[in-house]
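*Asks:* Quick one: structure below, then a few questions.
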Amino acid sequence: MRILSIVPTVDPGDGRFPCVAKFDAEITADIRMYGMRLLKSPDGRYLTYAPSAGAKRCATFSPGFAEAITAAATAAFHGGRAANVGI
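Read in order, the letters of the sequence shown are residues 1 to 87 in UniProt numbering.
Okay, structure coming up:
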């Protein structure tokens with residue numbers, strides 16, 4: 001898995017979990033997800049959400065996979081080169 005691009009959001013929203021960035025990720029050589037969101041919780045943790053279509057999420061992730069993609073996106077967001085992460 002690798003982060004293809006990440007861009008800080010201009011408008012984080014007005015919820016308790018502001019969206020700090022939107023990013024695109026290559027999950028495998030066969031799967032890419034665009035428009036994913038990196039949110040920051042009130043306690044400082046980061047969370048990843050898949051894009052939505054209407055009021056429904058396009059995908060959900062297992063806890064372990066969500067942690068891996070969040071770690072990669074957070075590293076990229078903070079200026080690091082997110083290394084490829086094996087699934």
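Note that beta-carbon positions come from the ideal geometry of N, C-alpha and C, so glycine has one too.
What is the DSSP secondary structure of residue 74, reduced to helix, strand or coil?
*Replies:* As a working mapping, residue 74 is identified with position 74 in the sequence shown. In this structure, residue 74 counts as helix in the three-state DSSP scheme.
*Asks:* Tell me which residue opens and which closes the beta strand (DSSP E) that residue 45 is part of.
*Replies:* Within the sequence shown, numbered from 1, the residue matching residue 45 stands at position 45. Looking at the DSSP string, residue 45 is not in any beta strand (DSSP E), and its letter there is neither H nor E.
*Asks:* Using DSSP with H/G/I as helix, E/B as strand and the rest coil, what is residue 107?
*Replies:* The first residue shown for the chain is 1 and the last is 87, placing residue 107 beyond what the model contains.
*Asks:* Among 63, 35, 55 and 31, whose alpha-carbon lies nearest the alpha-carbon of residue 7?
*Replies:* Taking the sequence shown and counting its residues from 1, one reaches residue 7 at position 7. Nearest of 63, 35, 55 and 31 to residue 7, Cα basis: 35.
*Asks:* Once you ignore the five residues that flank residue 18 on each side, which residues in its own chain have a CB closer than 7 angstroms to its CB?
*Replies:* For the purposes of this step, residue 18 is taken as the residue at position 18 of the sequence shown. Correct list, in chain order: 12, 39 and 40.
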